[in-house]
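Peer 1: My questions will all concern the structure given below.
2 protein chains.
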Amino acid sequence: MWVQYKGVYVSQAVQRAIEILDFLAEGPRSLSETARRFDVHRSTVLRQLQTFEEAGFVLRRGNGHYSIGPKMISIAQQALDALDLPAVAHDELRRLQAKTGNTIHLAQLVESTVMYVDKVEGRDSVRMYSRVGKTVLPHCTGVGKAILSQLPVGRRDALLVDAEWTAFTAQTIVSRAALDEQLELINTRGWGVDDGEFEDFVNCIAVPITNSNGSIIGALSLTAIKVVATLDDLKLHLDDIRATAQNISRQLG
Amino acid sequence: MWVQYKGVYVSQAVQRAIEILDFLAEGPRSLSETARRFDVHRSTVLRQLQTFEEAGFVLRRGNGHYSIGPKMISIAQQALDALDLPAVAHDELRRLQAKTGNTIHLAQLVESTVMYVDKVEGRDSVRMYSRVGKTVLPHCTGVGKAILSQLPVGRRDALLVDAEWTAFTAQTIVSRAALDEQLELINTRGWGVDDGEFEDFVNCIAVPITNSNGSIIGALSLTAIKVVATLDDLKLHLDDIRATAQNISRQLG
DNA sequence: AGTAATGTTGCATACACTGCACATGCATGT
DNA sequence: ACATGCATGTGCAGTGTATGCAACATTACT
Chain X
4 MWVQYKGVYV SQAVQRAIEI LDFLAEGPRS LSETARRFDV HRSTVLRQLQ
54 TFEEAGFVLR RGNGHYSIGP KMISIAQQAL DALDLPAVAH DELRRLQAKT
104 GNTIHLAQLV ESTVMYVDKV EGRDSVRMYS RVGKTVLPHC TGVGKAILSQ
154 LPVGRRDALL VDAEWTAFTA QTIVSRAALD EQLELINTRG WGVDDGEFED
204 FVNCIAVPIT NSNGSIIGAL SLTAIKVVAT LDDLKLHLDD IRATAQNISR
254 QLG
Chain G
4 MWVQYKGVYV SQAVQRAIEI LDFLAEGPRS LSETARRFDV HRSTVLRQLQ
54 TFEEAGFVLR RGNGHYSIGP KMISIAQQAL DALDLPAVAH DELRRLQAKT
104 GNTIHLAQLV ESTVMYVDKV EGRDSVRMYS RVGKTVLPHC TGVGKAILSQ
154 LPVGRRDALL VDAEWTAFTA QTIVSRAALD EQLELINTRG WGVDDGEFED
204 FVNCIAVPIT NSNGSIIGAL SLTAIKVVAT LDDLKLHLDD IRATAQNISR
254 QLG
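From first to last, the protein sequence lines are chains X and G. Take any residue in the first sequence, note its place counting from 1, add 3, and you have its number in this note's numbering. Take any residue in the second sequence, note its place counting from 1, add 3, and you have its number in this note's numbering.
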């Protein structure tokens with residue numbers, strides 16, 4: 004019998020396989036740790052892990068702990084390589100980073116998902132929530148809003164259909180109306196901000212990136228902890244940010 | 004009943020799940036394409052893919068094709084972030100690349116596996132076989148041999164236990180004795196080469212990277228298509244290569 | 001229109017997977 | 001030395017899960 008979840012059929016073995024990989028990503032784990040975590044028998048987990056290990060998806064360390072293996076990394080990298088935005092943009096981003104000193108994020112719109120595809124860390128290497136591959140919440144991030152601002156209403160809806168409008172901070176936009184209003188501003192002005200709307204100590208300035216036809220591909224942002232650089236500080240680099248986005252656009256066919 | 008493969012128990016569902024991901028990594032594929040490829044019913048694949056999609060491991064494109072999804076990339080990136088060698092080395096590698104113009108590979112030894120963990124492409128951006136996450140064949144690559152040269156015989160055996168001594172080219176080393184002899188040379192001289200031993204049109208110079216205690220962590224190589232730069236050309240940069248490795252070592256705690 | 005692929009759903013059956021019990025390994029401590 | 005605890009590894013039997021089938025829906029191709 005099939006488990007229905009949100010209307011789609013979900014295979015139990017595959018689902019737990021995924022959960023296990025996710026668990027191992029946090030750090031090396033032992034067999035019984037993993038079994039306890041998911042409340043299944045150790046032998047079950049053992050055989051799944053052996054299957055993963057055989058395929059190179061997990062790696063067995065000397066102390067018996069398991070961690071993510073090279074095959075998984077390789078596949079992911081292959082998928083990243085297939086996107087040409089990061090390849091084209093990386094050098095430009097590093098140049099911008101060198102000039103400003105802050106952290107640069109590059110996000111790409113693929114189907115109805117926005118994901119980080121590159122990140123160049125600033126001198127203040129404080130760990131932020133972002134990571135290459137992480138999906139971006141469109142309505143409460145700089146890059147997300149920059150992308151939304153360029154989309155026709157229909158596609159906007161598609162990106163926002165899963166939105167939960169959680170108020171992560173006091174600044175988070177929690178209604179579609181308020182969002183649309185701000186997107187209008189971003190659209191006319193050509194750039195947007197995130198003033199502590201997801202993590203209250205982080206702010207950024209973001210601009211959309213289009214290809215040479217003018218259709219939206221992604222966005223980039225200059226991001227900093229507020230203590231390091233306020234929005235006003237970041238705004239000083241606005242010309243450089245826009246120039247970077249334009250350089251990338253020009254190379255995007 | 005359990006399928007035994009090379010002495011370990013392998014779960015069928017999980018194994019095919021992995022094969023499917025590997026298949027999708029090559030490029031977006033449709034449902035029935037995938038079903039045909041593995042000779043299973045379309046409905047079976049559909050439900051597996053739905054499970055993957057639910058988890059973000061695969062992404063459904065507008066045309067009904069499936070490709071690798073953000074969650075998978077994110078997990079892999081998380082695993083890469085946990086290794087500090089690439090983080091420490093990346094800037095140094097870029098500097099070396101800028102100075103030489105050729106491609107730089109960075110490989111790390113983790114347990115009994117050597118894998119590429121960073122790559123900075125040269126101006127001659129010809130596609131090589133290597134990719135971040137790919138495992139390195141120890142005995143027929145520059146970085147592999149550089150690492151082997153620093154290992155005690157016992158660990159050397161562990162890395163070579165799966166070696167098949169295939170002669171990829173006329174230059175490939177195909178016996179343990181010949182390998183050991185060359186490793187001896189690399190060890191005393193401090194650097195090694197790959198003179199078309201894996202792909203006959205590619206050559207490189209490689210040096211090991213140790214941490215400040217002197218224990219081996221990985222290796223880096225300066226690589227080029229022979230048409231672009233011969234071994235003699237690459238040797239001109241030997242001092243820079245060694246300096247880069249030393250700079251990285253110093254920062255490796 | 002008609003045909004042929006592809007995607008999607010319900011259902012029954014077989015067998016893959018789980019859990020159990022037990023064996024084995026390897027550190028403890030006494 | 002032996003016991004104790006905690007870990008991983010393995011044979012076996014029952015059952016619940018994944019599979020293929022068939023029927024339908026939907027799109028592509030003549």
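We put the beta carbon where it would ideally sit given N, CA and C, even for glycine.
1. State the Cα-Cα distance for the pair T106 (chain G) and S70 (chain G), rounded to the nearest angstrom.
2. Starting from D236 (chain G) and walking both ways along the alpha helix (DSSP H), at which residues does that stretch end?
3. Short of 8 angstroms Cβ to Cβ, which residues in the stretch 122 to 142 of chain G face chain X?
4. Enumerated in chain order, which unbroken segments of the alpha helix (DSSP H) with a length of 4 residues or greater are wholly contained in the stretch 76 to 114 of chain X?
5. In the DSSP assignment, what residue or residues form a beta bridge with D198 (chain X)?
6. Could you spell out where the beta strand (DSSP E) holding G136 (chain X) opens and where it closes?
7. Along chain X, which residues have their Cβ under 8 angstroms away from the Cβ of G65 (chain G)?
8. Taking DSSP as the reference, what is the three-state secondary structure of K148 (chain G)?
9. Pull up the distance between the alpha-carbon of V196 (chain X) and that of A209 (chain X), whole angstroms please.
10. What are the residues in the stretch 60 to 87 of chain X lying within 9 angstroms of chain G by C-beta distance?
11. So, does the CB of Q100 (chain X) fall closer than 8 angstroms to a CB anywhere in chain G?
12. Is it the case that the Cβ atoms of A92 (chain G) and L109 (chain G) are separated by a distance below 8 angstroms?
13. Determine the burial state of H240 (chain G): buried for a count of at least 16 other Cβ atoms within 10 Å of its Cβ, exposed for fewer.
14. Cutting at 6 angstroms between CB atoms, please list the residues of its own chain near L237 (chain X), excluding the five before and the five after it.
15. Taking the alpha-carbon of R261 (chain X) as reference, which of X:R97, X:A173 and X:F26 has the nearest alpha-carbon?
16. Taking a cut of 7 angstroms between CB atoms, which residues from the stretch 227 to 253 of chain G lie near chain X?
17. If the cut is a Cβ gap below 7 angstroms, which residues of chain G does L24 (chain X) touch?
18. What do you reckon, are the CB atoms on T172 (chain X) and F201 (chain X) nearer than 8 angstroms?
19. Report the rounded CA-to-CA distance for L140 (chain G) versus S178 (chain G), giving the unit in angstroms.
20. Could you tell me whether any Cβ in chain X is nearer than 8 angstroms to the Cβ of F55 (chain G)?
21. Label D165 (chain G) either buried or exposed according to how many other C-beta atoms from any shown protein chain fall within 10 Å of its C-beta, with 16 as the threshold for buried.
22. With H, G and I counted as helix, E and B as strand and the rest as coil, what does DSSP make of A173 (chain X)?
23. Around the Cβ of S215 (chain X), are there at least 16 other Cβ atoms within 10 angstroms (buried) or fewer (exposed)?
24. Would you please verify whether the beta carbon of R32 (chain G) is less than 8 angstroms from any beta carbon of chain X?
25. Of the choices X:L162, X:G72 and X:A101, whose alpha-carbon is the least far from that of T59 (chain X)?
26. Comparing C-alpha positions only, which one of X:L24, X:D203 and X:S252 sits nearest to Y132 (chain X)?
27. Give me the chain G residues within the contact set of A20 (chain X), using Cβ-Cβ distance strictly less than 7 angstroms, ordered along the chain.
28. Between which residues of its own chain and V43 (chain G) is the CB-CB distance below 8 angstroms, once the five residues before and five after are set aside?
29. By DSSP, does P155 (chain X) sit in helix, in strand, or in coil?
30. For Q80 (chain G), is the classification buried or exposed, using 16 other Cβ atoms within 10 angstroms of its Cβ as the cut-off for buried?
31. What residues in its chain sit with their C-beta under 6 angstroms from that of E56 (chain G), if we drop five residues either side in the sequence?
32. Hey, which unbroken runs of the alpha helix (DSSP H) at 4 residues or more fall wholly within the stretch 25 to 80 of chain G?
33. Assuming L99 (chain X) and T213 (chain X) make a contact with CB atoms under 8 angstroms, what is their CB distance in whole Å?
34. Is it buried or exposed for E184 (chain X), if we count other Cβ within 10 angstroms and need 16 for buried?
35. By DSSP's criteria, L225 (chain X) is part of a beta bridge. Which residues make up the other side?
36. Which whole-angstrom value describes the C-beta separation of D261 (chain G) and N206 (chain G), a residue pair presumed to lie in contact below a C-beta threshold of 8 angstroms?
Peer 2: According to the structure shown:
1. As a working mapping, residue 106 (chain G) is identified with position 103 in the second sequence. As a working mapping, residue 70 (chain G) is identified with position 67 in the second sequence. Looking at the backbone, the Cα of T106 (chain G) and that of S70 (chain G) are separated by about 29 angstroms.
2. Numbered from its first residue, the second sequence carries residue 236 (chain G) at position 233. Segment L234 to K238, the alpha helix (DSSP H) holding D236 (chain G).
3. Here the close residues are R134, V135, G136, K137 and T138.
4. With a minimum length of 4 residues, the continuous alpha helix (DSSP H) runs that stay inside the stretch 76 to 114 of chain X are 87 to 103.
5. Translated into the one-based positions of the first sequence, residue 198 (chain X) becomes position 195. In the DSSP assignment, D198 (chain X) is bridged to X:N206.
6. Translated into the one-based positions of the first sequence, residue 136 (chain X) becomes position 133. First-last for G136 (chain X): undefined, no H or E at that position.
7. Indexing the second sequence from 1 puts residue 65 (chain G) at position 62. The answer, in chain order, is E114.
8. Indexing the second sequence from 1 puts residue 148 (chain G) at position 145. In this structure, K148 (chain G) counts as helix in the three-state DSSP scheme.
9. Here residue 196 (chain X) is taken as the residue at index 193 of the first sequence, counted from 1. Here residue 209 (chain X) is taken as the residue at index 206 of the first sequence, counted from 1. About 6 angstroms.
10. Those would be F60, L62, R63, R64, G65, S70, I71, G72, P73, K74, M75, I76, S77, I78, A79, Q80, Q81, A82, L83, D84 and A85, in chain order.
11. Within the first sequence, the letter at position 97 stands for residue 100 (chain X). With 8 angstroms as the cut-off, Q100 (chain X) does not count as an interface residue toward chain G.
12. The sequence position of residue 92 (chain G) within the second sequence is 89, counting from 1. The sequence position of residue 109 (chain G) within the second sequence is 106, counting from 1. Against a cut-off of 8 angstroms, the Cβ pair of L109 (chain G) and A92 (chain G) comes out as a contact.
13. As a first step, residue 240 (chain G) is located in the second sequence; it is residue number 237 there, counting from the start. Buried: at least 16 other Cβ atoms inside 10 Å.
14. Numbered from its first residue, the first sequence carries residue 237 (chain X) at position 234. Contacts found: I208 and L225.
15. Since the displayed chain X opens at 4 and closes at 256, residue 261 (chain X) lies outside it and no answer follows.
16. Under the 7 angstroms Cβ criterion, the stretch 227 to 253 of chain G contributes no residue.
17. As a position in the first sequence, residue 24 (chain X) is number 21, starting the count at 1. Below the 7 angstroms Cβ cutoff, chain G contributes I78 as neighbours of L24 (chain X), in chain order.
18. Here residue 172 (chain X) is taken as the residue at index 169 of the first sequence, counted from 1. Here residue 201 (chain X) is taken as the residue at index 198 of the first sequence, counted from 1. Closer than 8 angstroms, so yes.
19. Numbered from its first residue, the second sequence carries residue 140 (chain G) at position 137. Numbered from its first residue, the second sequence carries residue 178 (chain G) at position 175. Their backbone Cα atoms lie some 14 angstroms apart in a straight line.
20. The residue given as residue 55 (chain G) occupies position 52 in the second sequence. At least one chain X Cβ lies under 8 angstroms of F55 (chain G).
21. Looking up residue 165 (chain G) in the second sequence gives position 162. The residue is exposed, with fewer than 16 neighbouring Cβ atoms inside 10 Å.
22. Walking along the first sequence from the start, residue 173 (chain X) turns up at place 170. Three-state result, A173 (chain X): coil.
23. As a working note, residue 215 (chain X) is residue 212 in the first sequence. Exposed, by the Cβ-count rule.
24. For the purposes of this step, residue 32 (chain G) is taken as the residue at position 29 of the second sequence. Residue contact check for R32 (chain G) against chain X: no CB pair falls below 8 angstroms.
25. Position 56 of the first sequence, counted from the start, is the residue given in the question as residue 59 (chain X). One detail in the question is off: residue 59 (chain X) reads as Gly in this sequence, not Thr. If we check each option's Cα against that of G59 (chain X), X:G72 comes out closest.
26. Here residue 132 (chain X) corresponds to residue number 129 of the first sequence, with the count starting at 1. Ranking X:L24, X:D203 and X:S252 by Cα distance to Y132 (chain X) puts X:D203 first.
27. Walking along the first sequence from the start, residue 20 (chain X) turns up at place 17. Residues of chain G passing the Cβ test: V17 and A20.
28. Indexing the second sequence from 1 puts residue 43 (chain G) at position 40. Closer than 8 angstroms at the Cβ level, and outside the excluded window around V43 (chain G), lie R19.
29. If you number the first sequence from 1, residue 155 (chain X) lands on position 152. P155 (chain X): coil per DSSP, three-state reduction.
30. For this step, residue 80 (chain G) is matched to residue 77 along the second sequence. The residue is buried, with at least 16 neighbouring Cβ atoms inside 10 Å.
31. Here residue 56 (chain G) refers to the residue found at position 53 when the second sequence is read from its first residue. Spatial neighbours of E56 (chain G) in its own chain (CB-CB distance under 6 angstroms, excluding positions within 5 residues in sequence) are listed in chain order as R63.
32. The alpha helix (DSSP H) runs of length 4 or more contained entirely in the stretch 25 to 80 of chain G are, from start to end of the chain, 34 to 41 and 45 to 58.
33. As a working note, residue 99 (chain X) is residue 96 in the first sequence. As a working note, residue 213 (chain X) is residue 210 in the first sequence. A Cβ-Cβ separation of about 17 angstroms leaves L99 (chain X) out of contact with T213 (chain X) under the 8 angstroms criterion.
34. Against the first sequence, residue 184 (chain X) aligns to sequence position 181. The residue is exposed, with fewer than 16 neighbouring Cβ atoms inside 10 Å.
35. Locating residue 225 (chain X) in the first sequence gives position 222, counting from the first residue. L225 (chain X) pairs with X:I107 and X:I208.
36. Past the edges of chain G, shown from 4 to 256, lies residue 261 (chain G), and the structure says nothing about it.
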